[in-house]
Amino acid sequence: MQAMVQKVLVLGGTGFVGRHVCEKLARLQIAITVPTRRRNRGSAVATLPTLQLVEADIHDPTCLQELVTGHDAVVNLVAILQGNEAAFERTHVQLSEKLARACEQAGVRRVVHVSALGADIRNPQALPSMYLRSKSRGEQVLHRAALDLTLIRPSVIFGAEDRFLNTFADLQQLAPFVPLAGAHSRLQPVWVEDVASAVVACLAGPHAQGSIFFFNDTATTEIYTLAQLVGLAGRIGGVAHGRGRPVFALPDVLARIQARLMELMPGEPLLSRDNLDSLTVPNVATGHHPGLQALGITAASLLAIAPGYLGHKGRRSGLMALRQGR
Ligand SMILES: NC(=O)c1ccc[n+]([C@@H]2O[C@H](COP(=O)([O-])OP(=O)(O)OC[C@H]3O[C@@H](n4cnc5c(N)ncnc54)[C@H](OP(=O)(O)O)[C@@H]3O)[C@@H](O)[C@H]2O)c1
């Protein structure tokens with residue numbers, strides 16, 4: 022077991038996973054630097070005792086190198102789910118390239134990079150979505166650099182502030198039924214606390230060297246279709262007195278029209294055509310790489326965790342919850 026790091030730069034530390042990673046690092050008394058595009062986005066982590074929040078443009082190579090310098094390790098959690106080809110390229114590929122160069126120049130070797138299940142480092146171009154292709158190419162550029170790299174590929178992540186089960190529960194408060202795109206897609210949800218624990222374990226251990234970790238070990242966590250997860254979100258969320266709403270699988274043609282219409286609406290779409298393309302790849306661990314168990318983590322069951330936060334939803338109207346950003 023290698024010594025635990027003392028000072029960690031967490032890119033994307035203000036996000037859903039990042040907040041949990043920072044909390045765990047702070048508990049270990051590890052000094053943390055979190056850059057953000059806007060300081061107010063970091064309010065959830067700004068008060069952690071060992072954390073320094075800095076407004077910075079991480080896409081600027083000079084700025085990134087200054088940030089990396091003096092740290093023992095970097096965690097990269099920066100990603101987008103929506104956007105055009107250029108945005109995916111900039112966020113997932115070019116940023117990874119800049120990070121690799123910055124680390125090489127600053128002499129920082131240890132990098133834990135959170136990618137996504139479905140990415141394929143060997144053959145990115147064969148993948149169906151801009152998201153998965155760019156995530157895979159981001160893995161490639163980091164893998165080619167002189168780093169002690171751990172790539173972590175979670176399936177969809179759930180937890181109190183998730184935009185996944187919360188959104189589907191809130192939507193069912195509003196709609197009498199759910200016309201669902203990608204209904205038969207298979208997913209293996211993982212708890213955000215387990216993801217954060219794995220990131221911290223990878224920072225500490227020998228897993229930091231050139232490994233690929235798939236979150237979720239098929240032996241210990243559940244696989245669901247998207248339709249099953251939407252149904253569960255409604256039932257656990259207490260929609261229609263705990264019955265949830267009927268979920269109808271949309272045929273592919275209608276699913277694409279629905280996604281296109283969502284893209285035309287203001288703000289980030291609930292589901293884009295690129296998201297639909299990603300859903301055509303099973304989001305389930307292949308078993309070819311070690312999973313959470315290899316890190317000594319027993320994955321929590323969604324059925325044990327989700328009632329703890331979705332169970333309160335019945336008290337708020339769906340519209341109110343959606344307005345509040347869920
Ligand atoms: N959530 C999931 O279900 C899920 C599933 C599979 C994989 N993952 C992966 O897990 C990682 C963390 O996901 P998350 O859900 O925590 O993401 P998130 O909540 O959306 O947070 C993303 C973070 O990245 C930063 N960021 C986003 N776009 C950026 C840009 N263009 N330039 C600079 N910074 C940018 C944001 O920081 P500021 O706004 O403060 O600048 C934010 O803190 C990502 O790699 C994601 O692909 C997540």
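Quick note on this note's numbering: the sequence shown kicks off at 22 and runs consecutively. The beta carbon of each residue, even a glycine, is placed where N, CA and C say it ideally should be. Keep in mind it's a predicted model, so treat the numbers as computed, not measured.
C-alpha gap between residue i and residue j, whole angstroms
i    : j    : result
P197 : V213 : 30 Å
L340 : L195 : Confidence in L340 is poor, its pLDDT being 49 and thus under 50, which makes the residue's placement unreliable; the coordinate value appears in the next sentence. So the two alpha carbons sit approximately 7 Å from each other.
A166 : E160 : 10 Å
L300 : G203 : 6 Å
L138 : I244 : 13 Å
H134 : V55  : 15 Å
R158 : G91  : 27 Å
A190 : H262 : 13 Å
I278 : N61  : 36 Å
T242 : V302 : 19 Å
A325 : A181 : 13 Å
H309 : Q126 : 33 Å
Q50  : H205 : 44 Å
V221 : L46  : 7 Å
N304 : G329 : 25 Å
P287 : R294 : 16 Å
I101 : V199 : 25 Å
F109 : Q115 : 9 Å
A52  : L316 : 23 Å
L170 : R264 : 45 Å
E76  : P272 : 45 Å
D141 : P290 : 25 Å
P82  : Q146 : 27 Å
V274 : R266 : 23 Å
P311 : N144 : 20 Å
L285 : G128 : 45 Å
R48  : I318 : 18 Å
Same chain, Cβ closer than 6 Å to residue i, neighbours up to 5 away in sequence not counted
i    : result
V26  : D93, A94 and L224
S136 : K156, E160, L172 and R174
C33  : Note that residue 33 corresponds to Gly in the displayed sequence, not to Cys. The answer, listed in chain order, is G39, L98 and V99.
CB-CB length for residue i against residue j, believed under 8 Å
i    : j    : result
L201 : A270 : 6 Å
E118 : M151 : The pair is not a contact, with the Cβ atoms about 17 Å apart (cut-off 8 Å).
K334 : G226 : Not quite, the Cβ-Cβ distance comes to about 38 Å (not below 8 Å), so this is no contact.
T57  : T35  : 5 Å
V177 : P210 : 5 Å
7 Å Cβ shell around residue i - same chain, five flanking residues per side excluded
i    : result
L168 : A121, C124, R130 and V132
L292 : A202, A280 and M283
L297 : A202, G203, A276, R277 and A280
L74  : V55, T57, R60, G63, V66 and A67
V251 : F189, V199, L201 and V268
Given residue i as reference, the closest of the options once Cα atoms are compared
i    : options                   : result
S64  : A248, S136 and G39        : G39
Q103 : L153, T90, G139 and L116  : L153
N97  : T112, C84 and A108        : T112
L192 : L331, P303 and G91        : L331
T307 : A67, A222 and R207        : R207
V268 : G288, E289, M286 and T246 : T246
Q86  : L30, L49 and T71          : L30
L163 : I233, H205, Q209 and S176 : I233
K28  : H41, L88 and I79          : L88
R59  : D78, V42, R264 and Q73    : D78
L323 : Q249, R143, A315 and P82  : Q249
Own chain residues within Cβ distance below 8 Å of residue i, not counting five before or after
i    : result
D183 : F37 and V213
A327 : F179, L186, L253, A254 and I257
E44  : V66, L69 and A217
H80  : R111, Q115, L116 and K119
H41  : G180, V213, E214, V216 and A217
Range of the contiguous beta strand (DSSP E) that encloses residue i
i    : result
K28  : K28 to L32
T57  : A52 to T57
A270 : V268 to A270
R174 : D169 to R174
Limits of the unbroken alpha helix (DSSP H) element including residue i
i    : result
A65  : S64 to A67
E110 : Where E110 is concerned, there is no enclosing alpha helix (DSSP H), given that its DSSP letter is neither H nor E.
D295 : R294 to L300
D191 : L186 to L195
A355 : This structure cannot settle anything about residue 355, because the visible part of the chain is limited to 22 through 347.
I233 : Run containing I233: none in the alpha helix (DSSP H); it sits in the beta strand (DSSP E), S232 to F235.
I257 : L247 to I257
T71  : Careful: T71 lies outside any alpha helix (DSSP H) and carries neither H nor E.
R165 : M151 to R165
R122 : L116 to A127
P82  : P82 to V89
CB contact below 7 Å: residue i versus chain C
i   : result
T71 : No chain C appears in the structure shown, which is made up of a single protein chain.
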